[in-house]
Amino acid sequence: MTTSAWLVLALPLAGTLTIALGFKLWPGRAAGWIGTLAILASFVFAAITFFRLMGEDEHHRQATSTLFDYANTVGVDAKVTILVDPLSVLMILVVTGVSMLIHLYSVTYMASDRGIARYFAYLNFFVFSMLLLVLAGNFFLLIVGWAFVGVASYLLISFWYRRKTATAAGVKAFVINVVGDIGLTLGAFFIFKNTGTLDYLGVFAQAGDFGTNDGELVAGLVLLLVGAFAKSAQMPFHTWLADAMEGPTPVSSLIHAATMVTAGVYLIARMWPLFEVTPAAAAVGAVVGAATLLISATIGIAATDIKRVIAWSTMSQIGYMIMAVSSGAYLGGMFHFMTHAFFKALLFMGAGSVIGAMAGAQTMDRMGGFRKALPFTFVTMLIGGLALAGIPPFSGFFSKDEILALVGERGGWHWALYVAGYVGAFLTGIYTFRMIFRVFFGEPVTEARELEQGHLHHAEQHINPTDGEVEDTDVGFPGPEHYIAERERPMQIAMGTLAILASVAGIAYISHVTDFLHEFLHPTFAGSEYFDSLEPSVGFTVFGWVLGTVVGVSGVLVAWLVWVRRPGTSARLQARFPAIHRLLENKWYFDEAIDMVFIRPGAWIGRFAQQTFERLVVNGTLVSGTTMIVRAGSQAVRAAQSGLLRSYAAMLLLGLAAVILYFLIRS
Amino acid sequence: MLSILIWLPLAVALLAALLPRALAPRFAALGTLGALGLAIYLIADYSAGSGMQHAVDEIWISELGMHYKLGIDGLNLFLVGLTTLAFAAAAVWASFREWDRPRLFYFHLLLGETAVLGAFLTQDLALFVVFFDLMLIPFYFLTGQWGGENRVPATMKMVIYTFVGSLLMLAGAVATGVLAAGDGQTLSFAFSDLQERTLGEGTQQWIFLLFAAAFLVKMPAFPLHGWMPDAYKAMPIEVVAVFSAVLSKVAAYGFLRIVLPIFPDASAHFQDLMLVIGLASILYGSVMAFTTTHARLIVGYSSVAQLGFITLGVFALDPQGAQGAVLQMVNHGLVTVPLFLIIGLLAVRSGGSEDIRDMGGIAFRAPVLASLFLIVALATLAMPGSGNFVGEFMILLGVFETKTVFACIGFTGVALAAVYMLRAFIRMMHNRVGPKVESREVSLRAGLVLVPLVAAILLFAVYPQLALERQEASVVTVVETAQEVAR
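Line by line, the protein sequences give chains A and B.
Here the first sequence stands for residues 101 to 767, numbered as in this note's numbering.
Here the second sequence stands for residues -17 to 469, numbered as in this note's numbering.
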């Protein structure tokens, strides 16, 4: 069981090294196929791990394995250890499976990019890092995986590194993620201080020794949450994710939708024994999740860049998951993680296909009427959209419903979260179908009409969609070719598979009907206060289904009314409520606030240190002062233009002579 | 064995001086590689946890109680390795280009290596002072004669600054030896003797300050770093690489080897002061590093910050902090050498300028160079998974357990490191191509120097336990007493 898990981890790393070290040898798409095969093999071993795990009886579905000591000294016990249990196996299955499909999609999508080998080396490295994160058996390795995915994310966001917008977005993502890493590390410090170990199982075994809401544990867990929020783009650490859309679209699909950004959800679920004894920390997670799901959904309605709409939607959906796992709805959270990985990866792939048809343009203001020109993309994106909007019987419906049912079942103040969840679901329907309607319905734009005639549009000059600068095309993209799913088999296979999964994955757990996911995850959450006991009644479940359907459908209807039935309504609304529109367009001014509170003072301090302090105090007073004193003192010695060394040697000799003299007299 | 290691570079330097001009560089480079080989042998041969090994103890000046006493243990084992690696890299790198008066140049460089190795290996305070001061002389000449613009004032500033520190230390060392020798005891400067002859608390305190001043200047730590910017700008790139990588470590090492065990009461007394200096160095160094545009100074100020972390680790006064500090000394040296060498390469590609505003977009035709630089940059900002992170993790954990607030502030340095390193990397390698930039791949011979250095970084990234388990016993010993006092 652990051997196959180690192989799951090793294969993407081997892929990275193979692609990176032989980057000059691989012709054309070869690097892409190597990368895809590495992940496919990793997926196969993940499946083997799954079956081996299921072969064990319920009480033995947990195994650790240590490869070597990493930093095992003076009380610190950091080892290269993995923990294989249902939770990590669910994660590696989804991660390797979705990654494999996205690699496949990328083989075509990135085919004309000059940096294709670099791209796949990074992508394989990302998968390795993500697997390390979820398989880690202790806090130290978790932090390593946590930071590695951050680096992979940075490298891929600024993949087209001639774009200033891309490098700036990369730095932003990296720095916010480093803040998250720090939160995680400091959180681990608090836990280590109180338990004396970094090992998960060692810590969890002591969870019962903490009193309820133990002060240091609350501090530690809130710091872990900072890590989770930064990685999962939750408020107020969310601003990097929208900018991260500067990266290639498959990257957005893999890292910034399906896998990495859900790491925070995994972390909270993994730490359940600690969160259950500190409800105060769990409440922070739940409230932030709920706030994020609402706020980012409102921004998603105003965003015009197709990838950014999906990005805001990702934050919102992860808000649901964070809220879920912080409220004891572990099953709902992990279930939604899985279905979201399918339909959100699919939506991004569809967006990539649309962007291909638009020759790189991403703004929806210029899109429209692609239904006939991109039939395959349309159908698959529609499936993804229905799943996202929570329309039955698509997978998102069941997973979102499960979250809300469990949160509602918690009762108490969690009812507020329950309500927020349904408000969010309504908004989800609006922004999702706003996107679909604006891209695929209405009058076909030039690009769509040309494509209907069989001609794929190509731009003469590439313009950076973010800042309008003319692209420097030396660094691959935008390469000479664009690709659409309609013409490329690998893209179709990837999107088709995900469309099927997005449609049917709901059967993994349908309350009171199928129970597979609950049974499967049970060993990880054995002993949890909530995992088994939160069990919505049949009536409450059915009520949830009806409510969810009504809310989701009415969201879609509103979108239909505003953007299809009466085009122009949106402009009228913007004119009627300019303040609200500005607020949404400026993303609730989070960027500006961060700029005001951190960046500007930082820059000011920097300027002060550089221009004033260093010059006046360090150089002026200290250096010149010392120099002057010494000069004055050694004036006599250096009367002859002897230079410094002679005076130095002389003083040293004088000093030594004095010392010797002293001792001679003394003895 | 240790004597051979120390004096080998000097012997090679003297022989090289007799050889024809054309052969001297290669011979000198070969000599440094020989020293590196010896150091690797010592590391391989080292058995963890058994005190001083390969010890040498000869009476040098009996009237003064000065011994020629050498030994290697967990504390200096990897620092010796680092020193020989850094000097080998610098000497080989230097042999790629023509120098004015090459024999003299290599003589000074190798004399510097002898002095540093001596300072690391000696187990006698008087001998330490001699080697510590000897270090300054070759670097004075290397900067003053082979340096770049404004080398004369820069050299003056550096020498005066560190010279004052040296004098203070000399006074402190003499006082320690004399005052420690009680009635009827013979004078001795051996660390092992001084450790047993505890000084009174008041005496410890003023002597502590003398040593601290010397070491903090050498590191350099805020606010005593005033000599650093000009000196770093003036030195030849190979020289600044070893200077920054190795000489600063002698100071940090001095705290652990000398100050903590011999002045434990004073160390505990001044713990907070030293932690504040460490924190100030971290914050100030980081802020300066992300505002300056001179590539060398980015590394220079980042070193101020990194040595701030090391100071924190030393004065955490517990085994975790000290373990982290020693590991971090090695790690920091390992990243500094390639950083400076790469800056040298980049300057060649951007019309000779070392200002990051003149660079940009260099990665394009130089994927190998960009990858090597990226690995070094990520290690420098202590990304988890690098050896540098293990160092910072242990340091901050050590501080955290007794001084939580200090550790929390220290973490801001971790975030700032990400800002300044990435800024530097992006401004040099990414974005639009600079006006004078001509991107081309790293040459094979430069690669032959850089790749082993990066390999060493990766080795510590994958398996830091290699160093940690060999260091453990010695590190625990040197902090023991001070830790007891502090508790």
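For glycine and all other residues, C-beta sits at the position ideal for the given N, C-alpha and C.
Rounded C-alpha distance that separates Gly128 (chain A) from Ala114 (chain A): 20 Å
Contact between the segment 286 to 302 of chain A and the segment 648 to 656 of chain A (3+ Cβ pairs under 8 Å): Cβ pair count under 8 Å is below three, so no.
Put Glu40 (chain B) into one of helix, strand or coil per three-state DSSP. strand
Please state the DSSP three-state secondary structure of Gln302 (chain B). helix
Just confirm the distance between the C-beta atoms of Leu111 (chain A) and Ala402 (chain A), as a whole number of angstroms; I'd bet it's less than 8 Å. Incorrect: roughly 42 Å between the Cβ atoms, too far for contact.
Give the DSSP-derived three-state secondary structure of Gln35 (chain B) in the structure shown. strand
When the distance is taken between beta carbons, is Glu423 (chain B) closer than 7 Å to Val350 (chain B)? Yes.
Just to confirm the assignment, what range does the alpha helix (DSSP H) spanning Val303 (chain A) have? 300 to 305
Go to Met149 (chain B), then tell me how far its alpha helix (DSSP H) extends in each direction, as first and last residue. Checking the sequence shown, residue 149 (chain B) turns out to be Leu, not Met. 133 to 162 is the span of the alpha helix (DSSP H), which, as asked, contains Leu149 (chain B).
Would you please state the rounded distance, in angstroms, between the beta carbons of Gly280 (chain A) and Gly327 (chain A)? I believe it to be under 8 Å. 4 Å
Pro493 (chain A) and Gly648 (chain A) look like a contact to me (Cβ under 8 Å); what is the Cβ gap, rounded to whole Å? So it is not a contact: roughly 12 Å between Cβ atoms.
Taking only beta-carbon positions, decide if Ala400 (chain B) is within less than 7 Å of chain A. yes
Is Val479 (chain A) helix, strand or coil when you go by DSSP? helix
Hey, does Met210 (chain A) have any beta-carbon neighbour from chain B nearer than 7 Å? No, its Cβ sits nowhere closer than 7 Å to a Cβ of chain B.
From the DSSP output, which residues share a beta bridge with Val184 (chain A)? A:Ala163
Tell me, to the nearest whole angstrom, how far the beta carbon of Asp691 (chain A) is from that of Thr339 (chain A); I am working on the premise that it is less than 8 Å. The Cβ separation is near 5 Å, so the contact holds.
Below 6 Å CB to CB, which residues in the same chain sit around Ala739 (chain A) once its five sequence neighbours on both sides are set aside? Here the model assigns Ala739 (chain A) a pLDDT of 45, short of 50, so the residue's position is not dependable and the matter cannot be decided.
Endpoints, the alpha helix (DSSP H) within which Tyr609 (chain A) is located: Per DSSP, Tyr609 (chain A) belongs to no alpha helix (DSSP H) and is neither H nor E.
For Leu191 (chain B), which of helix, strand or coil comes out of DSSP? In the three-state reduction of the DSSP assignment, Leu191 (chain B) falls in the helix class.
Going by C-alpha distance, which of B:Lys139, B:Ala464, B:Gln302, B:Pro320 is nearest Leu379 (chain B)? B:Gln302
Closer than 7 Å, CB to CB, is Thr265 (chain A) near chain B or not? no
Integer-rounded CB distance, given that Ser603 (chain A) should sit under 8 Å from Ala505 (chain A): That belief does not hold up - the Cβ atoms of Ala505 (chain A) and Ser603 (chain A) are roughly 21 Å apart, past 8 Å.
With a threshold of 16 other CB atoms inside 10 Å of the CB of Glu374 (chain B), please say whether the residue is buried or exposed. Counting Cβ neighbours within 10 Å, Glu374 (chain B) comes out buried, since at least 16 surround it.
For Ser188 (chain A) and Leu235 (chain A), believed in contact at Cβ under 8 Å, the rounded distance: 5 Å
If you measure from the beta carbon of His276 (chain B) to each beta carbon in chain A, is any gap under 7 Å? no
Should Ser249 (chain B) and Val258 (chain B) be called a contact, given that it needs their Cβ atoms to be closer than 7 Å? no
Using 7 Å as the threshold, is the C-beta distance between Lys418 (chain B) and Gly326 (chain B) below it? no
Listed from N- to C-terminal order along the chain, which residues in the segment 246 to 260 of chain A have their beta-carbon within a distance smaller than 9 Å of any beta-carbon of chain B? Trp246, Ala247, Phe248, Gly250, Val251, Tyr254, Leu255, Ser258
Any C-beta of chain A under 7 Å from that of Phe382 (chain B): So yes, Phe382 (chain B) belongs to the interface.
Which of the residues in the segment 269 to 297 of chain A, read from start to end, lie with their CB under 8 Å from any CB of chain B? Gly270, Val271, Phe274, Val275, Val278, Val279, Asp281, Ile282, Thr285, Leu286, Phe289, Phe292, Lys293
Cβ-Cβ separation, Ile134 (chain A) to Trp126 (chain A) (assumed contact under 8 Å), whole Å: 7 Å
Between which residues of its own chain and Met(-17) (chain B) is the CB-CB distance below 6 Å, once the five residues before and five after are set aside? Correct list, in chain order: His36.
Start-end ranges of the alpha helix (DSSP H) lying completely within the segment 166 to 248 of chain A, minimum 4 residues: 186 to 209, 216 to 235
For the beta strand (DSSP E) holding Ile377 (chain B), just list the boundary residues, first then last. Careful: Ile377 (chain B) lies outside any beta strand (DSSP E), inside the alpha helix (DSSP H) at 369 to 384.
Between His412 (chain B) and chain A, is there a C-beta pair that is closer than 7 Å? yes
Distance between beta carbons of Gly508 (chain A) and Phe209 (chain A), contact taken as under 8 Å: Checking the displayed sequence, the identity of residue 209 (chain A) turns out to be Tyr instead of Phe. Rounded, the Cβ-Cβ distance is 41 Å, inconsistent with contact.
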